[in-house]
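Q:
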Amino acid sequence: MKGRGKFGLGLVAAFLLPPMFCSPQEKPVEIRLTIKYNDQNVPPPDHVSFSSGGYAAIVEVKSGKFEVPAEISRAKTRCLAAIILGSQIQMCSLSQSEFAYESWTLYLADRRYRDHTYAVPKGAKIRSSCMLVLDSERIDPGQVIFQTHCRSKVESPR
Amino acid sequence: MDPTKAVNPSLKDNITGLGGTWHVHPSGTISEENGTVRNTHIFVQPPSDRDFKETRLGINIVIGASDKKVYFYNRSGLIGKPVKLKEFLKGC
């Protein structure tokens with residue numbers, strides 16, 4: 007009986023262990039961030055923040071790259087916020103599919119965009135808009151997200 | 003001299019065409035409004051990182067269905083400026 011018990015225990019363990027070892031490790035999504043302001047490359051911010059529902063996270067940008075927290079990449083929609091050159095940037099309605107692209111370029115302009123002009127809707131206010139271009143070595147073609155009212159001046163504390 | 007007799011026969015295929023490949027980047031826009039904020043999604047028209055990664059020998063072409071431009075590229079990047087699709091098709 008004693009031996010059978012051990013065998014039974016081993017059998018249970020054999021069924022339980024593989025899923026533990028086989029389950030894919032959730033690797034954080036790493037994204038390369040480039041900022042272009044009036045067609046010029048500008049350094050990316052030190053950090054960006056993500057929010058989704060009640061969850062918010064501040065993520066450090068190191069050497070132009072940041073890791074998306076698992077809670078954010080799992081969420082249905084989320085917002086990305088950053089302060090770039092004295093402007094508060096907030097892009098919302100980012101879906102899960104956007105995080106499949108590992109290269110993000112955020113275009114900001116005061117008067118007009120020079121690249122990807124086909125993505126700019128007629129009559130859009132450029133100064134308060136943002137254009138996020140998503141690219142990947144795995145997905146073709148890339149995607150452009152143009153958002154109005156995503157940029158505002160950061161008010162300095164009095 | 004017989005130009006059809008190549009010293010290296012394996013290179014013979016290279017002179018039969020420009021090489022490379024071509025494909026279309028689709029058009030189509032999705033817009034959503036949330037209060038005053040309007041989000042517009044559109045496919046990138048120029049060659050993507052994947053296009054550059056998978057470049058074939060010769061001149062590769064991407065046709066932007068939305069901006070109606072023809073982009074030429076090789077492993078090093080874009081070749082010249084994009085051509086209007088209308089101009090590109092003039093010879094056809």
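Chains A and B, in that order, give the protein sequences. Residue numbering for the first sequence follows this note's numbering, starting at 7 and increasing by one per position. Residue numbering for the second sequence follows this note's numbering, starting at 3 and increasing by one per position. Quick reminder that beta carbons are idealized off the backbone N, C-alpha and C, glycines included. This structure is a prediction, so every number in the text was calculated from the model and none was measured.
Report buried or exposed for B:R58, applying the criterion of at least 16 other Cβ atoms within 10 angstroms of its Cβ.
A: Burial call: exposed.
Q: Which ranges does the beta strand (DSSP E) cover as unbroken runs of at least 3 residues, wholly within the region 73 to 118 of chain A, from first to last along the chain?
A: Runs found: 83 to 90, 93 to 101, 109 to 114.
Q: Going by the CB atoms, is the gap between A:L112 and A:L138 shorter than 8 Å?
A: Closer than 8 Å, so yes.
Q: Given this structure, state the Cα-to-Cα distance separating A:A130 from A:T154, to the nearest angstrom.
A: Computed Cα separation, rounded: 7 Å.
Q: Going along chain B in order, which residues have a C-beta closer than 8 Å to the C-beta of A:A1?
A: Residue coverage of chain A in this structure runs from 7 to 164, which leaves residue 1 of chain A outside it and unanswerable.
Q: Beta carbon of A:L39: closer than 7 Å to some heavy atom of the ligand FAD?
A: The ligand content of the structure shown is nil, which means the ligand FAD is not present either.
Q: Can you confirm whether A:C136, when its beta carbon is compared against all beta carbons of chain B, has any partner nearer than 8 Å?
A: No, A:C136 does not count as interfacial toward chain B.
Q: Any C-beta of chain A sitting closer than 8 Å to the C-beta of B:F45?
A: Answer yes: the Cβ-Cβ gap between B:F45 and chain A drops below 8 Å somewhere.
Q: Report the partner residues of A:A63 according to the DSSP bridge assignment.
A: Bridge partners of A:A63: A:F56.
Q: According to a CB-to-CB cut-off of less than 8 Å, which residues of the region 38 to 72 of chain A neighbour chain B?
A: Hits within the stretch: zero.
Q: Hey, A:V160 and A:S93 are a contact pair by Cβ (cut 8 Å); roughly how many whole angstroms apart?
A: With a Cβ gap of about 7 Å, A:V160 and A:S93 count as contacting.
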